[in-house]
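Numbering (my numbering), first residue to last: 1 to 814.
Here it is in structure tokens:
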């Protein structure tokens, strides 16, 4: 805390040093409504801003009294205006053509009329820290958000939770198209690295939120919107370097609007890092391409984006007890995956213990305006996914892999070392649509979609230490799955009387999931690989109602009640216990919120109570590829208060912060089937523990973030601080099986060198993560917990995060 206060004092002390000029204004549409997300460029310095929710923008710390601002918004005529320092202007834009963002986002996103708790993150905010870390780390300062990293750097495999809800329950869309993997329902953003460089905005909705496409929004949703088309040609080249040999490059270019109708945009990126944890390297490549036709009433846009990732496996975590007992041999970075003993008795680590995946997305959007108030959005999509992970396994039974045992010295071996690959090849395709009606007093949408996911799962054995005529081309197991997901929704927001809005949102969703064939587990009773053939059907009805009242121009009050349903994922079926039969889960979500906004100060409070029936709660165990496992719990709830605030301390300094205080409880929890051993190490049975009311795993009671930003002329600096309270890694509320609280501070510094000709500017940026070198872990799980007599023993794994580390970047803008 002392170091934090010192850094804060330095920022505060610089407030009074400089004199400056200010230009501010508001951007409105032809009906006088604020236009959030408009681009405002100061032509003399090439500085750019994005208008806030109320349409306002501010340029501060200017060294000249007279300037020219250029305001742009896709689908509207651009406007240039001469302004003088100290002047507050109002700029009205007239519609020119159609706006992709307006169509794809309107039906899914919340607005200030919606009875939803949400946060908008602009491209400008994303870019402040986008030097290579994955998207969860760029969103980690939004309320109730916790990000995790296997490699300890935020690069490679990352995860996130919102209000304690894991990523498998958080709906993610890109331009309204589902992104969640249909079977696991997770969002593996490592497959689309540097996606943030191609985003215009992200909205994070907490709670059930508005009806959306794809996976169930069972506690939160993340809606991403790719870049708006640029009206002018542009190019951008960025390169970064930092700790752990981390490098990143990004090249972007666009034609601008050609012949008043066509535009093309593209990006390529590459990220490499050794990682903080031993051998946890990442080799990531990605691209984005779009081509659009923008007519007066019709817009067609094609997008393709994707990535190729190769990462060394770090999903086992680190045994910190080994580090404590033998610090000379084991460090916090110790990664035991791939460990084996060679023929000479030497400990080795397999150098290709890697995860490899390629994912390519295609989207075709059609937008049609029928009247000024009625328009249609329809999109076709296809995602091609293929990949495998390869690993070295020691002491494996021949029979488990369909291998013939070898005989050495007249003795038939039962076990051997081997190298295996587990593959999946998937196709995900479908259609989504929304018909939108938008008038001053009534906003309504009718939408939905239908999607199919087809996936082949199979495995191959590449090498055996003691082989007996094995065939490396033979499948060790093979199964396939098909998942159909269709939904239709109707939403309406009506201004029943002045400044009082009523929202109704009804969704019907139908899921059919079919598994066929074998998986990678051996069925000893039948002497074959385990048959997983099964079919499940889920009809879900998800109603939502809410009211919003605006007692004044700067105030907003809302209340809502929502119901959400969610089906189990693949692991719930394939890794269920012998007596477990996974069922769908249901959430009843009640939200009440208040928000106050003024030019210098803003604050909000949101109360939530989320009651669950048969919630699939993380057990603290993981599968053999690091995926968290869950089990149905009959009764549980999450209740909390989310506080947000922002204060413009001066023309130079601003503070924003948020805090979540919550209770996350299981009612009547019983810990089942804990193994018991005697003093000789012999298994004697199991025991159940009736624990009553306990804390839900991975759900901290407090999450807090603080953001100080300092701006002077072309210089920006930010201090980002995050605190995450204790997280239990199973559902017993046992402190011995938990993740300690942590407090982390990061600093960013940016300087823009403006130019006025071909080269518009050069940005220099420095990001220092974990400024005060805190030793902490962001995630963990129970490897094995058991009794010897009455003494409980825990074998745990944690995911240590890097100490102080940095990234630097240089960006050239043309």
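From the three backbone atoms N, C-alpha and C, an ideal C-beta is built for every residue, glycine too. The structure displayed is predicted, hence computed values, not measured ones.
Contact annotation: residue 264 and residue 235 have beta-carbon atoms that are not nearer than 8 Å. Of the other Cβ atoms in all chains shown, fewer than 16 fall within 10 Å of the Cβ of residue 634; this residue is therefore exposed.
In its chain, beyond the 5 residues on either side, 237, 762 have a beta carbon closer than 6 Å to the beta carbon of residue 812.
Classified as buried, residue 476 has 16 or more neighbouring CB atoms from the shown chains inside 10 Å of its CB. Counting only runs of 3 or more residues that sit fully inside the region 784 to 809, the beta strand (DSSP E) segments are 791 to 800, in chain order.
Contact annotation: residue 488 and residue 164 have beta-carbon atoms that are not nearer than 8 Å. Secondary-structure assignment with DSSP links residue 37 through no beta bridge to anything.
Residue environment analysis places residue 139 among the buried positions, since at least 16 neighbouring C-beta atoms fall within 10 angstroms of its C-beta.
Residue 556: member of the beta strand (DSSP E) spanning 555 to 566, first to last residue. Rounded to whole angstroms, the separation of the alpha carbons of residue 259 and residue 653 is 43 Å. Residue 472 and residue 672 have their C-alpha atoms some 41 Å from each other. Residue 388 has its alpha-carbon roughly 6 Å from the corresponding atom of residue 424.
In the three-state reduction of the DSSP assignment, residue 195 falls in the helix class, which pools H, G and I. Under the DSSP assignment, residue 426 falls in the beta strand (DSSP E) whose first and last residues are 415 to 438. The beta carbon of residue 461 sits closer than 6 Å to the beta carbons of 401, 418, 420, 476 from its chain, once the five residues preceding and following it are set aside; these are given in chain order.
Residue state for residue 468 is assigned as coil, using DSSP reduced to three classes. The criterion of a C-beta distance shorter than 8 Å is satisfied by residue 364 and residue 379. For residue 455, the closest of 478, 448, 442, 445 by C-alpha to C-alpha distance is 478. Less than 8 Å divides the Cβ of residue 190 from the Cβ of residue 309. Secondary structure at residue 42: strand, using DSSP grouped into helix, strand and coil. Exclusion of the five residues before and after residue 803 leaves 770, 773 as the residues of its chain whose Cβ lies within less than 6 Å of its Cβ.
If the five residues before and after residue 298 are omitted, its C-beta is found closer than 8 Å to the C-beta atoms of 98, 366, 367, 368, 369, all from its own chain and listed in chain order. Sixteen is the threshold: when 16 or more other Cβ atoms of the shown chains lie within 10 Å of the Cβ of residue 226, as they do, the residue is buried. The region 533 to 549 makes contact with the region 508 to 515: 3 or more CB pairs, one atom from each, lie closer than 8 Å. In the three-state scheme derived from DSSP, where H, G and I count as helix and E and B as strand, residue 754 is classed as strand. Beta-carbon to beta-carbon, residue 727 and residue 751 are separated by about 38 Å, too far to satisfy the 8 Å threshold.
When DSSP assignments are scanned along the region 43 to 80, the uninterrupted stretches of beta strand (DSSP E) that are 3 or more residues long and fall wholly within it turn out to be 47 to 50, 56 to 62, 66 to 72. In this structure, the straight-line span from the alpha carbon of residue 145 to that of residue 319 is close to 26 Å. For residue 588, the three-state secondary structure derived from DSSP is strand.
The continuous stretches of beta strand (DSSP E) do not include residue 330, and DSSP gives it neither H nor E. Counting every other CB atom within 10 Å of its CB across the protein chains shown gives residue 208 a total of 16 or more, marking it as buried. For residue 136, the enclosing alpha helix (DSSP H) covers residues 135 to 138. Cα atoms of residue 527 and residue 393: separation of roughly 21 Å, rounded to the nearest angstrom. CA-CA distance, residue 637 to residue 349, rounds to 44 Å.
Between the region 200 to 220 and the region 111 to 127, the count of Cβ pairs shorter than 8 Å is three or higher; the stretches touch.
In its chain, beyond the 5 residues on either side, 191, 192, 193, 284, 285, 286, 359 have a beta carbon closer than 7 Å to the beta carbon of residue 307.
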